[in-house]
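Those protein sequences? They're chains A and B, same order as listed. Numbered per my numbering, the first sequence spans residues 335 to 814. Numbered per my numbering, the second sequence spans residues 335 to 814. We treat Cβ as the ideally placed atom computed from N, Cα and C, and that holds for glycine. All values reported here derive from a predicted model rather than from experimental measurement.
There are 2 protein chains.
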Amino acid sequence: MVVQSVSELPLAKDFSSFISVEASARKKSPLKSLLVFMKGNMISLGGGLPHPSTFPFTELSSVVKSAPAGTTALKDTKKENIETVSVPLDPTDGKVESLAASLQYGGGLGMPSLRNFCKTHIESMHKPQYQDWEVIMTCGNTDSFTKALALLLNRGDYILIEKWAYPTAMETIEPLGITAVPIPVDGEGICPKALRQTLDNWGSEPHQTPENKPRVAYLVPTGQNPTGATMGLQRRRDIMAIAQQHNLIIIEDDPYYYLQFSIDDGWMPSLLSLDTDGRVIRLDSFSKTLAPGCRVGYATMNKQFREYFQFHTEVTVQQPSGFSQAVLAEMLVGHWGQEGYTRYLTERVRIEYLNRSKFLQSCLRKYVNSELISFVEPSAGMFIWLKVHVEKHPRHGQVTDSALMLELFNACIAEDVLLTPGWQFSTKPKPQNADLSKVQEFWFDDEATFLRATFAYADFPQMEKAAQSLGVAVTKAFAA
Amino acid sequence: MVVQSVSELPLAKDFSSFISVEASARKKSPLKSLLVFMKGNMISLGGGLPHPSTFPFTELSSVVKSAPAGTTALKDTKKENIETVSVPLDPTDGKVESLAASLQYGGGLGMPSLRNFCKTHIESMHKPQYQDWEVIMTCGNTDSFTKALALLLNRGDYILIEKWAYPTAMETIEPLGITAVPIPVDGEGICPKALRQTLDNWGSEPHQTPENKPRVAYLVPTGQNPTGATMGLQRRRDIMAIAQQHNLIIIEDDPYYYLQFSIDDGWMPSLLSLDTDGRVIRLDSFSKTLAPGCRVGYATMNKQFREYFQFHTEVTVQQPSGFSQAVLAEMLVGHWGQEGYTRYLTERVRIEYLNRSKFLQSCLRKYVNSELISFVEPSAGMFIWLKVHVEKHPRHGQVTDSALMLELFNACIAEDVLLTPGWQFSTKPKPQNADLSKVQEFWFDDEATFLRATFAYADFPQMEKAAQSLGVAVTKAFAA
Ligand SMILES: Cc1ncc(COP(=O)(O)O)c(C=O)c1O
Ligand SMILES: Cc1ncc(COP(=O)(O)O)c(C=O)c1O
Chain A
335 MVVQSVSELP LAKDFSSFIS VEASARKKSP LKSLLVFMKG NMISLGGGLP HPSTFPFTEL
395 SSVVKSAPAG TTALKDTKKE NIETVSVPLD PTDGKVESLA ASLQYGGGLG MPSLRNFCKT
455 HIESMHKPQY QDWEVIMTCG NTDSFTKALA LLLNRGDYIL IEKWAYPTAM ETIEPLGITA
515 VPIPVDGEGI CPKALRQTLD NWGSEPHQTP ENKPRVAYLV PTGQNPTGAT MGLQRRRDIM
575 AIAQQHNLII IEDDPYYYLQ FSIDDGWMPS LLSLDTDGRV IRLDSFSKTL APGCRVGYAT
635 MNKQFREYFQ FHTEVTVQQP SGFSQAVLAE MLVGHWGQEG YTRYLTERVR IEYLNRSKFL
695 QSCLRKYVNS ELISFVEPSA GMFIWLKVHV EKHPRHGQVT DSALMLELFN ACIAEDVLLT
755 PGWQFSTKPK PQNADLSKVQ EFWFDDEATF LRATFAYADF PQMEKAAQSL GVAVTKAFAA
Chain B
335 MVVQSVSELP LAKDFSSFIS VEASARKKSP LKSLLVFMKG NMISLGGGLP HPSTFPFTEL
395 SSVVKSAPAG TTALKDTKKE NIETVSVPLD PTDGKVESLA ASLQYGGGLG MPSLRNFCKT
455 HIESMHKPQY QDWEVIMTCG NTDSFTKALA LLLNRGDYIL IEKWAYPTAM ETIEPLGITA
515 VPIPVDGEGI CPKALRQTLD NWGSEPHQTP ENKPRVAYLV PTGQNPTGAT MGLQRRRDIM
575 AIAQQHNLII IEDDPYYYLQ FSIDDGWMPS LLSLDTDGRV IRLDSFSKTL APGCRVGYAT
635 MNKQFREYFQ FHTEVTVQQP SGFSQAVLAE MLVGHWGQEG YTRYLTERVR IEYLNRSKFL
695 QSCLRKYVNS ELISFVEPSA GMFIWLKVHV EKHPRHGQVT DSALMLELFN ACIAEDVLLT
755 PGWQFSTKPK PQNADLSKVQ EFWFDDEATF LRATFAYADF PQMEKAAQSL GVAVTKAFAA
């Protein structure tokens with residue numbers, strides 16, 4: 335690959351026509367315009383910052399695991415592999431913000447030190463292929479997704495989505511009056527052919543008009559939830575080519591990116607890294623790499639989008655938690671550094687889930703009849719998408735596939751193993767007035783002949799026991 | 335006051351017709367419905383929780399000021415008035431959540447210990463007068479306000495608001511296609527007569543129809559931003575009576591509640607505490623009492639509203655930061671207790687701002703010609719709303735009041751004192767395409783003959799200097 339200097343890279347294309355009605359109406363907060371005067375002898379009675387003397391917090395620290403080998407910050411050699419991360423009281427070396435600054439209002443971009451860290455990380459990991467990309471701190475990918483939707487879509491619009499999707503994404507989309515257009519998936523995620531067909535043929539159905547042709551796709555390219563599918567490089571290139579051809583914005587929700595099980599050939603390029611136009615909004619989260627309770631992530635997008643995204647942040651959460659950001663900044667910037675963080679991802683997080691994935695797969699192979707339940711080996715993430723071969727059921731055709739799946743789900747419950755019903759990931763509209771909480775009486779979508787298993791949480795003996803129970807349940811269910 | 339037992343209190347009225355199109359379409363997350371199975375020997379491969387062994391954080395602690403006198407938790411007697419708050423690694427006494435639990439996904443209500451603390455606090459401070467009120471943790475009042483709007487209002491709707499308002503509120507309202515209906519204010523906040531008139535006469539203007547009659551009022555009853563006004567008890571009663579008569583929901587945004595300067599007769603009752611119908615959504619924030627960087631607050635509302643509010647939380651921020659909540663829970667629940675927290679508010683936070691308020695007022699009285707600039711003494715909050723008597727300006731009537739105000743603002747800048755231009759709090763629509771960041775060239779709204787001063791942040795010598803400079807600036811500006 336020829337490395338280009340940043341200045342040789344193109345600027346993002348103009349996507350101003352993609353901005354939603356809501357976002358177009360957002361204005362820079364006028365309060366912030368007063369900051370320019372804060373120089374020289376100016377005394378401000380302008381801003382509304384609370385007085386730091388009223389903050390009861392005088393120190394904040396966390397004991398954290400050290401980044402694997404190579405970290406120089408290991409301070410206490412007796413306590414091996416852990417170090418104390420203390421948010422500085424005063425902005426001493428200027429590397430990270432002081433506690434007082436972290437606890438104050440600070441603006442919607444997030445804390446500078448942490449944001450710069452994330453920016454450098456994106457730079458080295460994803461090497462964006464256009465000049466004017468920017469990073470903004472967020473409260474995690476769920477919130478970022480809402481903001482990306484508000485940025486781009488109006489009530490009545492359509493959005494392209496993988497046929498089986500993260501339920502929260504559907505729960506976000508539907509109340510906004512946006513319609514999901516499900517695109518078939520295979521073991522490598524969204525199918526380019528089907529995507530192209532949908533776009534080429536838009537207009538062939540009565541509700542489809544040139545005006546409402548989808549302009550946005552929501553994709554989870556790595557370790558997709560629930561299918562576990564990871565798009566290969568060619569698949570990614572194909573999708574980006576379609577995006578260019580049909581002028582799509584892509585929301586790349588990629589919380590499982592660092593949970594890639596094989597990186598012998600390097601990390602899989604992200605869609606962001608294949609984007610030369612600035613059409614990808616990439617969402618990264620610390621939820622799966624450090625801890626969900628951080629409620630911190632970051633989003634990468636072209637400068638124009640970032641501005642609106644920031645305005646939206648400033649009238650909602652204002653900024654991610656200062657406690658979270660301060661601890662993360664001190665750990666990542668002050669202690670681990672870029673390399674330490676990458677090693678932590680590579681050698682700890684990734685390996686933990688790799689081992690768990692391998693183990694659950696071996697258990698499933700051992701205990702579950704693969705004629706009745708099969709799966710594609712996941713190459714990233716936390717999930718195995720179990721395909722149930724209902725066509726092998728003795729009563730297949732006599733009752734609906736949904737009925738058979740419901741029986742199997744209940745058989746699992748009876749055997750003390752809980753799996754997530756496939757219909758919960760369906761992108762079809764759910765039946766009106768259905769009580770979705772009655773999971774033992776309810777299954778909709780005859781195509782949802784799947785159960786989602788995760789290897790992320792249960793311990794190894796539990797996983798083995800669960801696979802055994804699933805084996806028993808499926809045998810029983812298919813016997814009747 | 336006759337104290338009623340909770341069971342004698344009425345249930346909230348049915349406000350289901352107030353739910354917006356967006357909120358009505360929200361469903362309980364089906365993923366959460368699986369939790370009921372987690373008992374006995376059930377093994378779950380269902381949920382998608384990351385494995386805690388991948389969390390690098392093994393301890394979290396903060397040194398905090400002790401609550402004033404009476405706290406028993408003072409551990410280190412040498413370091414006076416501070417104590418170390420450590421989030422427990424394991425859920426030992428069950429009083430607060432463990433670090434691992436705090437760092438995990440936990441659901442949109444917020445951490446139970448902290449939420450219970452806030453609930454008890456609301457109970458004792460505000461004594462809600464109906465049975466089925468509930469508390470939900472939030473990411474602060476800015477975010478809560480967005481969620482309250484999304485709960486109640488559709489594009490095209492109208493909302494009642496104080497004539498001078500918190501700019502972020504306007505920035506939230508306008509992009510949603512909601513129109514603010516400004517109601518005149520006096521030194522005690524929103525005027526009941528004007529409010530009643532607006533509602534009684536709704537329909538008298540062409541755009542006003544019975545269908546779009548305002549159903550929601552957004553009010554900041556204590557230390558209002560920017561006017562500093564605090565509604566007296568009778569005023570509060572009057573407003574609640576109008577709300578009942580016209581069936582209004584009230585969003586009570588009350589971040590300055592605990593910054594009341596005189597509590598000799600007790601704390602001023604909140605609108606929540608006067609509400610017997612469940613029509614008040616009360617927003618509390620830790621931003622002004624502990625620190626804005628917490629990004630934690632809590633909202634109190636009837637059970638039905640709380641459900642939708644929670645669903646919305648779960649598809650946006652998911653939950654407030656676990657770092658913030660864990661430190662707050664350990665400090666408030668584990669150390670300070672209800673009484674300690676109340677003492678901290680009463681004896682520290684309140685007193686700090688009381689002293690600051692008194693000091694700035696004395697400086698203004700000393701240095702600024704009260705014929706040219708007058709103000710109502712604030713009885714709560716952070717702000718003094720300076721009324722500029724432009725009618726006394728020699729060129730009054732020859733140029734617009736806006737032009738005179740802009741001159742004064744620039745005269746202030748020249749004297750090195752920065753005050754917030756009154757127009758930034760205007761609830762009139764801002765001129766299209768105006769560059770609001772050019773504050774030295776721009777002033778709109780001839781009625782905005784105000785400057786907002788805050789006594790919250792500058793130190794005392796700075797405040798004195800600023801008042802002096804303002805005195806000079808106003809004399810100069812009114813001389814020309
Ligand atoms: C595809 C996808 N996006 C987003 C999330 C949530 O991420 P965050 O915790 O950053 O909001 C999840 C986790 O459940 C997910 O599977
Ligand atoms: C009236 C009002 N509401 C809300 C806020 C912001 O509160 P929070 O930090 O809880 O979002 C402020 C602070 O500037 C305010 O003045």
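request  = Name the two residues that bound the continuous beta strand (DSSP E) containing residue 786/B.
outcome  = Numbered from its first residue, the second sequence carries residue 786/B at position 452. For residue 786/B, the enclosing beta strand (DSSP E) stretches over residues 784-788.
Sheet register partners of residue 576/A (DSSP bridge) = Taking the first residue of the first sequence as position 1, residue 576/A is located at position 242. In the DSSP output, where bridge partners are listed per residue, residue 576/A has none listed.
inquiry  = Quick check: is the beta carbon of residue 391/B nearer than 8 Å to any beta carbon in chain A?
reply    = On the second sequence, position 57 is the one that residue 391/B refers to. Interface residue, yes.
key: Close-in-space but distant-in-sequence residues of the same chain around residue 476/B (CB under 7 Å, 5 per side omitted)   = To locate residue 476/B, count along the second sequence from 1; it is residue 142. Excluding residues within five positions, the ones whose Cβ falls inside 7 Å are 502.
inquiry  = Is the beta carbon of residue 395/A closer than 8 Å to that of residue 436/A?
reply    = Within the first sequence, numbered from 1, the residue matching residue 436/A stands at position 102. Within the first sequence, numbered from 1, the residue matching residue 395/A stands at position 61. It is not a contact, given that the beta carbons lie outside the stated cut-off.
task = Enumerate in chain order the residues of its own chain whose CB-to-CB distance from residue 511/A is below 7 Å, with the five nearest sequence positions on each side excluded.
result = On the first sequence, position 177 is the one that residue 511/A refers to. Same-chain partners within the cutoff: 489 and 490.
Option in 731/A, 478/A, 386/A and 764/A with minimal Cα separation from residue 589/A = In the first sequence, the residue the question calls residue 589/A occupies position 255. Here the closest residue by C-alpha is 478/A.
request  = Give me the Cα-Cα distance between residue 688/B and residue 708/B, rounded to the nearest whole angstrom.
outcome  = On the second sequence, position 354 is the one that residue 688/B refers to. On the second sequence, position 374 is the one that residue 708/B refers to. Cα to Cα, residue 688/B sits roughly 19 Å from residue 708/B.
request  = Can you give me, in chain order, the residues of the region 469-482 of chain A that have a beta carbon less than 8 Å from any beta carbon in chain B?
outcome  = 473, 474, 476, 477 and 480
query = By the criterion of Cβ-Cβ separation under 7 Å, what are the contact partners of residue 845/A in chain B?
reply = What is shown of chain A runs 335 to 814, which leaves residue 845/A out entirely.
ask   = Taking the alpha-carbon positions, what's the residue 690/B to residue 623/B distance?
value = For the purposes of this step, residue 690/B is identified with residue 356 of the second sequence, where counting begins at 1. For the purposes of this step, residue 623/B is identified with residue 289 of the second sequence, where counting begins at 1. Between residue 690/B and residue 623/B, the C-alpha separation is close to 15 Å.
message = Is it the case that the region 723-743 of chain A contacts the region 462-476 of chain A, given that we only count it when at least three CB pairs across the two stretches are under 8 Å?
response = no
inquiry  = For residue 493/A, report the span of its beta strand (DSSP E) as first-last.
reply    = Counting from 1 along the first sequence, the entry for residue 493/A is found at position 159. Residues 492-496.
query = Is the region 745-763 of chain A touching the region 773-790 of chain A in the sense that three or more CB pairs, one from each, lie closer than 8 Å?
reply = yes
inquiry  = Shorter than 7 Å, the distance from the beta carbon of residue 380/B to the closest heavy atom of ligand 1, or not?
reply    = Here residue 380/B refers to the residue found at position 46 of the second sequence. Residue 380/B: no, Cβ never under 7 Å from ligand 1.
query = Of the residues 600/B, 601/B, 752/B and 452/B, which one's Cα is nearest the Cα of residue 634/B?
reply = For this step, residue 634/B is matched to residue 300 along the second sequence. With distances taken between Cα atoms, residue 634/B lies closest to 452/B.
query = Can we count residue 559/A as close to ligand 1, meaning its CB is less than 7 Å from some heavy atom?
reply = As a first step, residue 559/A must be located in the first sequence, where it is residue number 225. Yes; taking the cut-off as 7 Å, the Cβ of residue 559/A has a heavy atom of ligand 1 nearer than that.
task = Name, please, each residue of chain B whose Cβ falls closer than 9 Å to the Cβ of residue 652/A.
result = Reading the first sequence from its first residue, position 318 is the one you call residue 652/A. Here the neighbours are 473, 474, 476, 477, 502, 621, 626 and 629.
ask   = Excluding five sequence neighbours on each side, which residues of the same chain lie with their C-beta closer than 8 Å to the C-beta of residue 339/B?
value = For the purposes of this step, residue 339/B is taken as the residue at position 5 of the second sequence. For residue 339/B, where only same-chain residues beyond five positions count, there are no Cβ hits under 8 Å.
query = Which of the three DSSP states, helix, strand or coil, is assigned to residue 524/A?
reply = The count along the first sequence starts at 1 and reaches residue 524/A at position 190. It is a strand residue.
inquiry  = According to DSSP, is residue 597/A part of a helix, a strand, or is it coil?
reply    = Position 263 of the first sequence, counting from 1, holds the residue named residue 597/A. Three-state DSSP puts residue 597/A in coil, outside helix and strand.
inquiry  = Against residue 377/B, what residues of chain A qualify as contacts under a CB-to-CB distance less than 9 Å, listed in chain order?
reply    = In the second sequence, counting from the first residue as 1, residue 377/B sits at position 43. Ordered by position in chain A, the residues that pass the 9 Å Cβ test against residue 377/B are 750, 751, 752, 792, 796, 797, 799, 800 and 803.
ask   = Short check: CB of residue 683/A to CB of residue 474/A, under 8 Å?
value = One-based indexing of the first sequence puts residue 683/A at position 349. One-based indexing of the first sequence puts residue 474/A at position 140. Here residue 683/A is not near residue 474/A, since their CB atoms are 8 Å or more apart.
request  = Show which residues of chain A have a CB atom less than 9 Å away from the CB atom of residue 682/B.
outcome  = Locating residue 682/B in the second sequence gives position 348, where the first residue counts as 1. Neighbours of residue 682/B on chain A, chain order: 387, 388 and 390.
Helix, strand or coil at residue 503/A [DSSP, three-state] = Start at 1 with the first residue of the first sequence, and residue 503/A comes out as number 169. Helix.
DSSP-derived helix/strand/coil call for residue 393/A = The sequence position of residue 393/A within the first sequence is 59, counting from 1. The answer is strand: DSSP assigns residue 393/A an E or B state.
ask   = Using a Cβ cut-off of 9 Å, which residues of the region 530-546 of chain A contact any Cβ in chain B, in chain order?
value = none
message = Along the chain, where does the alpha helix (DSSP H) containing residue 316/A start, and where does it finish?
response = There is simply no residue 316/A to check, as chain A begins at 335 and stops at 814 in what is shown.
request  = Check distances from the C-beta atoms of the region 435-446 of chain A to those of chain B and list, in chain order, the residues that come in under 8 Å.
outcome  = 436, 437, 438, 439 and 440
query = Applying the criterion that 16 or more other CB atoms from any shown protein chain within 10 Å of the CB defines a buried residue, is residue 541/B buried or exposed?
reply = Here residue 541/B is taken as the residue at index 207 of the second sequence, counted from 1. So residue 541/B counts as exposed.
ask   = Which of helix, strand or coil does DSSP assign to residue 409/B?
value = What you label residue 409/B is simply residue 75 of the second sequence in a count that begins at 1. Note on residue 409/B: pLDDT 42, under 50, position unreliable in the model; the coordinate value appears next. Of the three classes helix, strand and coil, the one that applies to residue 409/B here is coil, per DSSP.
message = Going by beta-carbon coordinates alone, are residue 754/A and residue 516/A separated by less than 8 Å?
response = Here residue 754/A is taken as the residue at index 420 of the first sequence, counted from 1. Here residue 516/A is taken as the residue at index 182 of the first sequence, counted from 1. Their beta carbons are not under 8 Å apart, which means residue 754/A does not touch residue 516/A by this criterion.
message = Using only CA atoms, which one of 740/B, 750/B and 751/B lies nearest to residue 758/B?
response = Taking the first residue of the second sequence as position 1, residue 758/B is located at position 424. Ranking the options by Cα distance to residue 758/B, first place goes to 740/B.
Best match in 457/B, 729/B and 383/B for proximity to residue 672/B [C-alpha to C-alpha] = Taking the second sequence and counting its residues from 1, the one referred to as residue 672/B is at position 338. That would be 457/B, whose Cα lies nearest to the Cα of residue 672/B.
inquiry  = I need the DSSP call for residue 349/B, collapsed to helix, strand or coil.
reply    = For the purposes of this step, residue 349/B is taken as residue 15 along the second sequence, with counting starting at 1. DSSP places residue 349/B in coil when its eight states are reduced to three.
Candidates 636/B, 609/B and 661/B: closest to residue 620/B by CA position = For the purposes of this step, residue 620/B is taken as the residue at position 286 of the second sequence. With distances taken between Cα atoms, residue 620/B lies closest to 661/B.
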